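The structure under discussion appears below in the form of structure tokens.
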Amino acid sequence: MTTNSTRVFVARLLGLDVFDPLGDRLGRLRDAVVLDRGPTKPPQVIGLVVEVPGKKRVFVPMTRITSMDPSQIICTGLVNLRRFEQRGAEMLMVAELFDRRLTLRDGSGGAVVEDVAMERNRTGDWHVSQLFVRRDLGSPLRGLRRGGERLIIDWLDAFHGTTDEPQGATQFVAQHEDLKAADFADALHEMNDKRRIEVAGELQDDRLADVLQELPDDDQVQILTSLTRERAADVLEEMDPDDAADLLNELPEAQKEELLQLMEPDDAEDVRRLLEYEEDTAGSLMTTVPVILPPEATVAEALAHVRREELTPALASSIFVCRPPLETPTGRYLGVVHIQQLLRYPPPEPLGNIIDTDLEAIGDQSDVSEVSRILATYNLNSLPVVNTEGRLVGAVTIDDVLDHLLPDDWRAQDDAPEQKRGDRRG
Numbered sequence: 077m078t079t080n081s082t083r084v085f086v087a088r089l090l091g092l093d094v095f096d097p098l099g100d101r102l103g104r105l106r107d108a109v110v111l112d113r114g115p116t117k118p119p120q121v122i123g124l125v126v127e128v129p130g131k132k133r134v135f136v137p138m139t140r141i142t143s144m145d146p147s148q149i150i151c152t153g154l155v156n157l158r159r160f161e162q163r164g165a166e167m168l169m170v171a172e173l174f175d176r177r178l179t180l181r182d183g184s185g186g187a188v189v190e191d192v193a194m195e196r197n198r199t200g201d202w203h204v205s206q207l208f209v210r211r212d213l214g215s216p217l218r219g220l221r222r223g224g225e226r227l228i229i230d231w232l233d234a235f236h237g238t239t240d241e242p243q244g245a246t247q248f249v250a251q252h253e254d255l256k257a258a259d260f261a262d263a264l265h266e267m268n269d270k271r272r273i274e275v276a277g278e279l280q281d282d283r284l285a286d287v288l289q290e291l292p293d294d295d296q297v298q299i300l301t302s303l304t305r306e307r308a309a310d311v312l313e314e315m316d317p318d319d320a321a322d323l324l325n326e327l328p329e330a331q332k333e334e335l336l337q338l339m340e341p342d343d344a345e346d347v348r349r350l351l352e353y354e355e356d357t358a359g360s361l362m363t364t365v366p367v368i369l370p371p372e373a374t375v376a377e378a379l380a381h382v383r384r385e386e387l388t389p390a391l392a393s394s395i396f397v398c399r400p401p402l403e404t405p406t407g408r409y410l411g412v413v414h415i416q417q418l419l420r421y422p423p424p425e426p427l428g429n430i431i432d433t434d435l436e437a438i439g440d441q442s443d444v445s446e447v448s449r450i451l452a453t454y455n456l457n458s459l460p461v462v463n464t465e466g467r468l469v470g471a472v473t474i475d476d477v478l479d480h481l482l483p484d485d486w487r488a489q490d491d492a493p494e495q496k497r498g499d500r501r502g
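In my numbering, the protein residues as written are 77 to 502.
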């Protein structure tokens with residue numbers, strides 16, 4: 077193996093592109109895998125975790141890395157594309173070493189790991205050699221040293237015994253703040269139970285809500301039940317009502333009711349209405365908060381509404397026109413205005429003049445098969461849902477239907493093993 081450096085700090089490499097020898101991009105570096113060899117020996121670095129197209133994370137052995145520097149990483153291209161799974165004494169460097177609290181052997185107190193250096197020895201093997209740490213603010217003074225000081229220490233200059241003390245997650249969250257919620261959820265799903273809860277607990281309520289919606293049911297329940305009841309209710313309020321209802325349906329009845337009682341009344345009411353619908357009905361899939369405007373609203377106002385960052389593309393594709401009240405259940409449903417129509421008319425044009433009245437709303441008790449048939453027949457991203465009184469009660473989006481039609485554990489499923497030659501830990 078030839079590398080541009082025999083020592084590299086991992087935080088500087090995160091997010092780098094990984095290329096094969098021909099210059100084709102394989103993926104992006106997300107973590108490194110180390111083998112725990114006990115407290116008296118530094119961990120051996122056995123491979124990298126690379127995110128390949130399709131947002132799947134795979135294992136690339138260090139024996140396949142031919143060049144590594146702060147601008148790019150090059151491998152042999154012989155990579156097994158089976159989804160990465162942790163084994164035995166393996167640890168994820170970023171997920172499990174960053175933010176770890178240590179006690180320094182010189183007696184000067186504790187520190188928190190902010191970065192990790194790996195180094196190649198004469199035989200070509202890689203191991204963890206140094207730690208970039210921040211002293212705990214509570215550490216005793218030693219000469220001119222102060223709590224919060226940052227320094228580089230050798231791995232063996234700190235005690236590395238196992239501990240049940242919670243590991244911080246500030247560094248991990250900061251370094252992954254630009255990830256889309258689905259990608260962050262993938263990283264969270266791959267962690268062990270303890271680390272998953274620690275990282276989830278560090279997220280802001282709105283970010284955690286977005287990430288929860290992308291996780292398998294078991295992970296959602298585990299994380300939600302690890303929170304205080306008050307915070308769990310706050311996070312549920314930040315979730316889309318249909319996702320919150322699905323999650324609450326996974327909980328025991330007493331726990332579900334307790335959380336609903338702790339939620340803000342308006343948010344709880346939306347969720348309760350969704351919980352009343354039978355499974356496999358349009359009502360059970362819909363969101364209760366689509367874009368709803370009166371017929372007097374203008375094209376300019378509608379465009380301002382669909383520009384909102386929190387809207388999914390599917391919800392932003394349609395404006396549902398109703399008589400007041402505009403909160404679901406609304407007044408009489410009048411029709412829909414598609415986003416393409418907004419782009420074809422002048423800003424002052426009232427929505428009532430450009431309503432698509434040919435698209436009929438579907439009843440909230442309609443079967444999911446009927447919903448999917450209409451969406452497919454008319455190439456729609458969303459479909460209005462009304463009750464027996466002709467009031468809009470929500471909208472079903474194409475992603476809601478896909479989520480329903482896929483297997484329950486589709487978020488945790490792997491593709492059939494593909495590989496470009498090479499063993500799993502070869």
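All C-beta atoms in this analysis are idealised placements derived from N, C-alpha and C, irrespective of residue type, glycine included.
Since the model is a prediction, treat every value here as computed from it, not as a measurement.
DSSP on residue i, reduced to helix/strand/coil?
i, result
"Asp259", "helix"
"Val477", "helix"
"Asn455", "coil"
"Glu345", "helix"
"His265", "helix"
"Pro371", "coil"
"His203", "strand"
"Asp281", "helix"
"Glu333", "helix"
"Gly428", "helix"
"Val94", "strand"
"Lys117", "coil"
"Arg163", "coil"
"Thr152", "coil"
"Asp286", "helix"
"Leu89", "coil"
"Lys270", "helix"
"Ser448", "helix"
"Asp230", "strand"
"Val397", "strand"
"Ala187", "strand"
"Leu350", "helix"
"Val275", "helix"
Taking 8 Å as the cut-off, decide whether the C-beta atoms of residue i and residue j are in contact.
i, j, result
"Arg158", "Glu190", "no"
"Asp93", "Gln148", "yes"
"Leu456", "Cys398", "no"
"Val297", "Ala257", "no"
"Ala261", "Leu291", "yes"
"Ala134", "Val128", "The amino acid at residue 134 is misidentified as Ala; the sequence shows Val. Cβ atoms of Val134 and Val128: closer than 8 Å."
"Leu379", "Leu418", "yes"
"Met315", "Ala471", "no"
"Val447", "Ala358", "yes"
"Phe235", "Phe174", "no"
"Leu335", "Ala308", "yes"
"Asp294", "Lys131", "no"
"Val375", "Glu326", "no"
Alpha carbon to alpha carbon, how far is residue j from residue i? Give it in angstroms, no decimals.
i, j, result
"Trp231", "Pro115", "10 Å"
"Phe95", "Arg196", "20 Å"
"Val204", "Ile228", "13 Å"
"Arg408", "Ala285", "32 Å"
"Asp233", "Trp202", "19 Å"
"Leu220", "Gly185", "Because Leu220 carries a pLDDT of 39, less than 50, the predicted location of this residue cannot be relied on, and the following value inherits that uncertainty. Straight-line Cα distance between these residues: approximately 14 Å."
"Met138", "Pro146", "16 Å"
"Glu166", "Leu180", "24 Å"
"Ala392", "Glu386", "10 Å"
"Leu435", "Val412", "8 Å"
"Gly91", "Val188", "23 Å"
"Leu264", "Glu278", "12 Å"
"Arg198", "Leu207", "21 Å"
"Ile150", "Pro97", "6 Å"
"Lys178", "Gly244", "Rather than Lys, the amino acid found at residue 178 in this sequence is Leu. Leu178 and Gly244: Cα-Cα distance of roughly 11 Å."
"Ala87", "Asp254", "15 Å"
"Pro371", "Thr473", "22 Å"
"Glu403", "Ile415", "21 Å"
Just to confirm the assignment, what range does the beta strand (DSSP E) spanning residue i have?
i, result
"Val297", "Taken as a continuous stretch (DSSP letters only), Val297 belongs to no beta strand (DSSP E), being part of the alpha helix (DSSP H) at Asp293 to Ser302."
"Gly359", "Unbroken run through Gly359 is the alpha helix (DSSP H), Ala358 to Leu361; no beta strand (DSSP E)."
"Leu410", "Tyr409 to His414"
"Glu340", "Unbroken run through Glu340: none, as it is neither H nor E."
Go to residue i, then tell me how far its alpha helix (DSSP H) extends in each direction, as first and last residue.
i, result
"Gln120", "Unbroken run through Gln120 is the beta strand (DSSP E), Gln120 to Val128; no alpha helix (DSSP H)."
"Arg305", "Arg305 to Glu314"
"Phe248", "Thr246 to Gln251"
"Asp318", "Pro317 to Leu324"
"Arg383", "Element bounds for Arg383: n/a, residue is neither H nor E."
"Ala392", "Pro389 to Ala392"
For residue i and residue j, which I take to be in contact (beta-carbon distance under 8 Å), what is that distance rounded to the nearest angstrom?
i, j, result
"Ser360", "Leu350", "7 Å"
"Val311", "Leu324", "Their Cβ separation, rounded to whole angstroms, is 12 Å, which puts Val311 and Leu324 out of contact at 8 Å."
"Arg104", "Val126", "7 Å"
"Val38", "Ile431", "Outside the shown range of the chain, which is 77 to 502, sits residue 38, and nothing can be said about it."
Quick one: is residue i near chain D, going by C-beta distance under 8 Å?
i, result
"Pro460", "Of the chains in the structure shown, none is chain D; there is only one protein chain."
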